[in-house]
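For reference, the structure is listed below as structure tokens.
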Amino acid sequence: MTAGLSAHSAAHSPGHPAEHSAAHSPSRPAVRSFADGLGVLNPAGWFGPTRPSGSGRDGRRRTADRLLDLGIYLALVALVLYFWQASPYFMTQRNLLNVGAAVAVTGVLAAGMTIALIAGQLDLTVGGNIALTSVVVSLVIEDLGWGTPLAVVVGLAVGVVIGLVNTALVVGVGINSIIATLAMGIVIRGVALISTDGQTKPLTNLALPDFLQDRPLAIPTSVWILAAVFLASWVVMTFTRAGWHIYGVGGNPSAALRAGVRTKRVYAGVFVTTGVLAALGGIITTGTSSSGGPNYANGAEFDVLTAVLLGGIGLAGGSGRVQRTLAGVLVIGVLNNGLTLMSVNSYYQQLARGAVFVLAVVLGAVGERRRAR
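Right, here's the structure in full:
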């Protein structure tokens, strides 16, 4: 899988191409064709070759693609129905809200990872970002006494800085995004460990925990945040020029550049977005655990990639939908919750999560082959 991801990222490495010299005019239409036949930027937001329609083979292919598109939703429904009959506690309001709260951080990270993959990039700093942000927020609140609102701002600023550094490495220096962000993730977690001497830092000021553990309209605050993040991501990726440009640089960077898309700016926006969303995940983690810890979110990338791949987000870039990632996140949450309610041994739970990840990779590979035809 690593080799596949490396190939994917190398194919979409921003490198050092010169930016298109003409400014992108707001008056230009969103739908733009290319005389060279490379493809179009359509309202769904992706560059790709145009294909004739109407043949029987194309019809069967579209039907198969439609079934693949529905697969994640059918899997979610099947899991819910299974655990509903397997445990009398599963479909209670309290438990369903617990499922939402349990996947809130994973979901926020997955929204950012979805945007990155659609742009043809990968950000593996998310786990280290959570750890460092949680440490910084706890230090600002406890040691500096700056208060919770300012601590939240500082925490989000940490995400911005990480995103800008990733941009410099990938876009400025031209390093493969997998290698650059993997290395940065190790560095970031090292900074978190050094700054706390490897110890968890508890919060005595409970303003942030009280806020995040509150339940407006009986729904946990973290679930509201998750819903807001996915709603905003869906709106941006579906209805805005910025979203279409992200699809464009992921599907065909050269065509996007010729169309006037400022690709370097798009990549910078993507990495800053993933950095800020990971920092938001760190703030949620700090509040729900009432502490900051340098070892938080170890292996978070595993669950995030599982959710994103289950959602059918293409590793090659230029394709995928945010709402499908949300379904992938819920599949993971329902599976973990259901197995726990059934008192399944933790070793078998680990096996099940690994099997789901393998399935996600296989489905992703199948989807890539179908899209390449």
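Residues 1 to 373 (full-length UniProt numbering) make up the sequence shown, in order.
The beta-carbon is built from N, C-alpha and C at its ideal position, and this holds for glycine as well.
Helix, strand or coil at residue i [DSSP, three-state]
i: Pro220; result: coil
i: Gly243; result: helix
i: Pro294; result: coil
i: Pro202; result: strand
i: Ser177; result: helix
i: Ala227; result: helix
i: Asp197; result: coil
i: Thr125; result: coil
i: Trp146; result: coil
i: Ala110; result: helix
i: Ser87; result: coil
i: Ile313; result: coil
i: Arg353; result: helix
i: Arg66; result: helix
i: Val344; result: coil
i: Arg369; result: helix
i: Thr50; result: Note that Thr50 scores a pLDDT of 41, beneath 50, so its modelled location is shaky; the value from the coordinates is reported in the next line. Reduced to three states, the DSSP call for Thr50 is coil.
i: Arg189; result: helix
i: Gly172; result: helix
i: Ser233; result: helix
i: Ala119; result: coil
i: Ser319; result: coil
Close-in-space but distant-in-sequence residues of the same chain around residue i (CB under 6 Å, 5 per side omitted)
i: Gly107; result: Leu226, Val329
i: Met237; result: Gly243, Val322
i: Gly287; result: Leu208, Pro209, Leu212
i: Gly100; result: Val223
i: Arg369; result: none
i: Val103; result: Val329, Gly333
i: Ile179; result: none
i: Ser177; result: Ser9, Gln121, Leu122, Val170
i: Ala192; result: Ala131, Leu132, Val135, Pro294
Residue range of the alpha helix (DSSP H) that includes residue i
i: Pro253; result: 253-258
i: Asn95; result: 93-102
i: Arg324; result: 322-341
i: Tyr267; result: 263-289
i: Phe302; result: 300-310
i: Leu212; result: 207-212
Residue i versus residue j: straight-line alpha-carbon distance, rounded
i: Leu74; j: Leu335; result: 14 Å
i: Thr240; j: Asn345; result: 46 Å
i: Gly128; j: Asn298; result: 8 Å
i: Tyr347; j: Phe302; result: 17 Å
i: Ala300; j: Asp214; result: 24 Å
i: Val135; j: Asn295; result: 10 Å
i: Val158; j: Val187; result: 14 Å
i: Gly190; j: Gly292; result: 14 Å
i: Gly248; j: Lys264; result: 12 Å
i: Thr92; j: Trp84; result: 9 Å
i: Ala259; j: Gly354; result: 42 Å
i: Leu315; j: Asp143; result: 42 Å
i: Thr200; j: Gly185; result: 19 Å
i: Val362; j: Leu309; result: 9 Å
i: Ile130; j: Ile118; result: 22 Å
i: Ala270; j: Asn98; result: As written in the sequence, residue 270 is Val, which differs from the Ala given in the question. In a straight line, the C-alpha of Val270 is about 30 Å away from that of Asn98.
i: Leu41; j: Asp69; result: Legend: pLDDT at Leu41 = 45, less than 50; position of this residue unreliable, no value from coordinates given.
i: Val152; j: Arg66; result: 42 Å
i: Thr196; j: Leu164; result: 24 Å
i: Val86; j: Gly71; result: Per the sequence presented here, residue 86 reads as Ala, with Val not at that position. So the alpha carbons of these two residues sit roughly 22 Å apart.
i: Gly172; j: Thr181; result: 14 Å
i: Ser319; j: Ser254; result: 16 Å
i: Ala268; j: Pro216; result: 35 Å
Residue closest to residue i, alpha-carbon to alpha-carbon, out of the options
i: Pro88; options: Thr340, Phe357, Tyr347; result: Thr340
i: Asn95; options: Ile283, Val170, Ile219, Val171; result: Ile219
i: Ala365; options: Ile313, Val171, Ala86, Ile283; result: Ile313
i: Ala307; options: Gly174, Val105, Ala192, Tyr267; result: Val105
i: Val235; options: Gly174, Leu132, Ile115; result: Ile115
i: Pro202; options: Ser290, Ala352, Leu81, Gly311; result: Ser290
Close-in-space but distant-in-sequence residues of the same chain around residue i (CB under 7 Å, 5 per side omitted)
i: Val160; result: Val272, Gly275, Val276
i: Ala111; result: Val229, Phe230, Ser233, Leu277, Val322, Thr325
i: Leu109; result: Val126, Leu277, Ala278, Gly281, Ala300, Val304
8 Å CB neighbourhood of residue i in its chain, flanking five on each side removed
i: Leu305; result: Met113, Phe357, Ala360
i: Leu79; result: Val331, Val334, Leu335, Gly338
i: Val154; result: Val136, Val137, Val140, Trp146
i: Leu76; result: Ala327, Leu330, Val331, Val334
i: Gly198; result: Pro294, Asn295
Cβ of residue i within 7 Å of any chain D Cβ
i: Gly314; result: The chain inventory of the structure shown lacks chain D, comprising one protein chain alone.
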